[in-house]
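Read the structure below first, then the notes.
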Amino acid sequence: MIKKLSKFIGQYKKDSILTPIFVIFEVVMEVVIPYLMAKIIDVGVQNGDLNYIFKIGAILVVSAFLSLTFGMLSGRFAAKASSGFAKNLRKGMFYNIQNYSFTNIDKFSTSSLVTRLTTDVTNVQMAFQMIIRILVRAPIMLIFALAMAFSINSKLALIFVVTMPILAVALYFISIKAHPYFEKVFKKYDVLNRVVGENLNAIRVVKAYNREEYEEKKFEEVNSKVYDLFKKAEKIVAFNSPAMQLTIYTCILLLSWLGAKMIIGGSMQAGELSSIITYAWQILSSLMMLSFVFVMIIIAQSSAERVVEVLDEESTIKNKENPVMEVKDGSIKFENVSFQYDDAKAEDELPLEDINIDIKSGETIGIIGATGSSKSTIVNLIPRLYDVTKGSIKVGGVDVRDYDIETLRNEVAVVLQKNVLFSGTIKENLKWGNKKATDEEIVRVCKLAQADGFIQEFPDKYDTVLDQGGTNVSGGQKQRICIARALLKKPKILILDDSTSAVDTKTDALIRKAFREEIPNTTKIIIAQRITSVEDADRIIVLDDGKINGIGTSEELLKTNEIYKEVYESQKKGEEDNGEGNKEEQK
Amino acid sequence: MEKETKKSKNKNTFKTLKRLLKYVTSTYKLQFVVVCISIIVSAIASVLGVQFIKYLIDDIITPLIGNANPDYSNLLQAIIIMAVIYILGIIGTYLYNRLMINISQGVLKRIRTEMFHHMQTLPIKYFDSHPHGETMSTYTNDVDTLRQMISQSIPQVFSCAISMIAILFAMFATDIYMTLFVLVMVAIMVLVSKFFAKRSSKNFIAQQKNLSIVDGYIEEMMAGQKVVKVFRYEEENKKKFDKLNEALCDSMTKANSYANTLMPCIMNIGNLGYVLVAVIGRSSNNKWNINNRWNSSIFTIYKSIYKPTRSSITTNELNNYGTSWS
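Those sequence lines, one after another, are chains A and B. Under our numbering, the first sequence has 545 at position 542, and the numbering climbs by one with no breaks. Under our numbering, the second sequence has 813 at position 94, and the numbering climbs by one with no breaks.
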């Protein structure tokens, strides 16, 4: 895992190496300076030698400046290295996510990906910064202090050698026990993000139905879980400090006892004992720094694993070697297609089963069916947003899996059920269809989609800024902008997934007329709940429970298909009822 | 106008700190009191520990040197007392760490709850004008930085303050003039640290803001992945992301740079002060140890105060978001 992550240090390798180097210089200074300070006292002050004091003092001043410089440099390099590392990680993750298929995204869930890209990367970054700084400084100070202690009195110094491994083992156990809790905490962060995210997206519904309390209860559940888990993890880690303090204090007491005996016996000087104890303190502070880093690494380990998962994930939908780069025409053929979202689930309840359709280029096909009959699923398969589980789909005579993905998706435009517009101007959103579209082309497709009308009425017209989710336009207006966006692509296949539901019937009819007249060569697939939207299609497919119930023209289906007849009559009847009701009111 | 904003920023810092303390004390009064006591115990124990060594060497060991049949009872007694003090110190440290966990996680939980509750009362206009990801980011990233402040900084500041007071007494007892001189050095250190802290805070706030912007962008793109894929917007996405990512990296680098440089600066000012005192004062060894402990306590205090100030400002901003809209 470390190897995988270190690839992302990339151009910041220099900074990452300079940091520990300067830290080492810093440490050298930190060791030299106290030594000089002690010399000033022991020699200069004791002997009243002012010259000596000045001389050593001058060296000290220089050393202080050097130490400052090294400190600043190492600080700056560390900042650059760690921030750059985080940047590269985020970039790597984001880029890889762009390649994900929906199956990949579903595996992680959107909110988890967000957490991983932000919180987890930040944790890894902090750990990295600590590693190149403290993990260099602390061991060196430790080794130095130990060496000095040994040089003063090796017998006493052995005490350290014995007690420290015991401490190391204790710290190791603490970290092993804490790790799984931190893992769980981050998973809960995912849930937290999801709950907050859902609430934000649905805030209008929440307010309209006065569901604030319910939402707050939902939030509290996650909040409490995060609280519990984090507490558990930190409780375990809280044993670090006491463990270390216990070890060092024991050392000091032992040193004092044994050292005292040795001093009294004459085998050691009093000053030496006090030096050794000073070094014991230094060892303690190095160990404390180490334990701090340790805790950060424990936390970061869980985060690092989650980051690597995202980096490692390979898209389930990839190009084959030598993909076909051109789509001949808009013909679509489904051959014995079956599909399910998750391969692990049971095979008896497939969302799509045994679908066989043959669509000619330029045809207008309507798809109708009850909610949940998998209408959207069918059209997801055409541009390879998901891959079929069984069977094959051919566009232009070639299996979709043989095409270059970009080429395929260029020729298949989908207007989705949930119309998503992004923050930006209307023009920017439309240009998603074609970056190089001219203004005339944009106006043309908007006229086709019956969107130009209302856009012209906005004060900024095409430069009107849309907020996230496009909340300052109505549902019907959004749908029409989305249709225009799809048209701008000049695709061979245009799929409209229930995209005129918020548009009134008259405008709907105008749109379909424009399609018939202006883009006759484009294969059009219209999924709708409204019979009127699909009535004049060349053929209509009736879907029921993931299987095809009937295919034919409207007239044919009225005669032969139960479901179609039922839907037709209930909708027409509804219209008539409404018509009569109006008439009565007019009276 | 600039002076006004600077003053208001300082006021904000204090308001935030006070608010946080209110959260802590109101919810966990008893535990907080125990924490304070534990910190005092722990700090005094460590100061005593150092003094004790000197006492041990000077008053107990030295008189016994050269004695053929030394009486170890005094020594044993001294060591036992030291052991007791150490144990009290360890218990104190563990206690306050452990209780601070309760307190900090509890306060965080409460803050999150209140934020969510407050969010429910905000007008729709707020939600339309702020990208969702940015709001989401406050619940995780910003609240996390608060955690560090509460669980580590508050105890550290308090503990160092106690140490400083104890040491100050010891120093005054030894030599008043030198102590005054040291205080002057301290004043210089305070000024220097203020300088760094201000820069660091500014950049840190920028960092958190950029982080939330990146969060917002990612969230929006993820929510609209289908459209992104269908319209092959991946390349554009990557370019836009890169810009935001760079901005984030930039502010992160600056923030961390200033924060990292604070310590070396203070330490070396302390070292320079040491030289000056040596040249002017010419006193014995004991004082230097105290001096150093004094210096290191100050460093820690400033580090503790200024590092988390920035994070508190960010969270305070969120708490203020709502009021500015209503």
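The beta carbon of each residue, even a glycine, is placed where N, CA and C say it ideally should be. In this text the structure is predicted, and so the values were computed from the model without any measurement.
Is any beta-carbon of chain B found at less than 8 Å from that of A:R309?
-> no
Buried or exposed: B:K828, going by 16 or more other Cβ atoms within 10 Å of its Cβ?
-> buried
Could you check what DSSP says for A:A531 in three-state terms: helix, strand or coil?
-> strand
In chain A, what lies closer than 9 Å to B:D778 by C-beta?
-> Going along chain A, no residue has its Cβ under 9 Å from B:D778, so there is no contact; the nearest lies around 11 Å.
Would you list the residues sitting across from A:E237 in a DSSP beta bridge?
-> BP columns for A:E237 are empty, so no partner.
Do we get a CB-CB distance below 8 Å when we pair A:I12 with the residues of chain B?
-> no
Taking C-beta pairs closer than 7 Å, name the residues in chain A that B:H851 reaches, listed in chain order.
-> G200, L203, N204, Q471
Just the chain B side, please: which residues come within less than 7 Å of A:F425 by C-beta, in chain order?
-> E939, G943
Backbone secondary structure at A:R542 - three-state DSSP = strand
Min CB distance A:V391 to chain B below 8 Å | no
B:L795 burial status per 10 Å Cβ neighbour count (16 or more: buried) | exposed
Should the stretch 207 to 220 of chain A be called in touch with the stretch 127 to 140 of chain A, which here means at least 3 C-beta pairs below 8 Å?
-> no
Anything in chain A within Cβ reach of B:C984, meaning under 8 Å, just list it in chain order.
-> L71, G74, M75
As assigned by DSSP and simplified to three states, the class of A:Y184 | helix
Return the chain-ordered ranges of every alpha helix (DSSP H) run that is complete within the stretch 107 to 131 of chain A and spans a minimum of 4 residues.
-> 113 to 118
In its own chain, which residues sit with a C-beta less than 6 Å from the C-beta of A:I360, not counting the 5 before and 5 after it?
-> F337
Listing by chain order, which chain B residues have their CB less than 8 Å from the CB of A:P354?
-> Chain B residues near A:P354: none, gap ~17 Å exceeds 8 Å.
Specify, as a first and last residue, the run of the beta strand (DSSP E) that B:I820 falls within.
-> First-last for B:I820: 792 to 840, but that is the alpha helix (DSSP H), not the beta strand (DSSP E).
B:I758 and B:P874 look like a contact to me (Cβ under 8 Å); what is the Cβ gap, rounded to whole Å?
-> 6 Å
Could you tell me the distance, in whole angstroms, from the CA atom of A:K10 to the CA atom of B:C968?
-> 18 Å
Going along the stretch 828 to 841 of chain B in order, which residues come within less than 7 Å of chain A, judged by CB to CB distance?
-> K828, R831, T832, F835, H836, Q839
Would you mind working out which of B:R738, B:F888, B:Y747, B:R866 sits nearest B:T763, comparing C-alpha positions?
-> One detail in the question is off: residue 763 of chain B reads as Ile in this sequence, not Thr. If we check each option's Cα against that of B:I763, B:F888 comes out closest.
CB contact flag (A:V417, A:I498, <8 Å) | yes
Spatial neighbours of A:K495 in its chain, beta-carbon cut-off 7 Å, leaving aside the 5 residues before and after = V330, D332, G333, E414, T525, T526
Per the contact definition of three or more C-beta pairs closer than 8 Å, is the stretch 180 to 188 of chain A in contact with the stretch 220 to 235 of chain A?
-> yes
Could you name the residues of the same chain whose beta carbon sits closer than 6 Å to that of A:N383, not counting the 5 residues immediately before and after it, in chain order?
-> Y389
Round the Cβ separation of A:I239 and A:A283 to the nearest angstrom and send it over; I've been treating them as touching at under 8 Å.
-> Wrong, their Cβ atoms sit about 27 Å apart, outside the cutoff.
Is B:N821 near A:S86, with beta carbons less than 8 Å apart?
-> no
Is the beta carbon of A:F289 less than 8 Å from the beta carbon of A:A160?
-> For the record, residue 289 of chain A in the displayed sequence is Ser; it is not Phe. Not in contact: A:S289 and A:A160 (Cβ atoms no closer than 8 Å).
Select from the stretch 242 to 262 of chain A all residues with a C-beta closer than 7 Å to any C-beta belonging to chain B, and list them in chain order.
-> S244, P245, Q248, L249, Y252, L256, S259, W260
Step through the CB atoms of chain A and report whether any lies within less than 8 Å of the CB of B:A880.
-> no
Contact belief for A:I3 with A:I544 at Cβ below 8 Å, rounded distance in angstroms | Here chain A has residues from 4 to 590 only, and residue 3 of chain A is not among them.
List the residues of chain B whose Cβ lies closer than 8 Å to the Cβ of A:G87, in chain order.
-> C968, T972
C-alpha distance - A:S341 paired with B:K928, whole-angstrom precision = 47 Å
Rounded to the nearest angstrom, how far is the Cβ of A:I362 from that of A:I335, given a contact under 8 Å?
-> 4 Å
Along chain A, in chain order, which residues have C-beta atoms closer than 9 Å to that of B:M801?
-> Y252, I255, L256, S259
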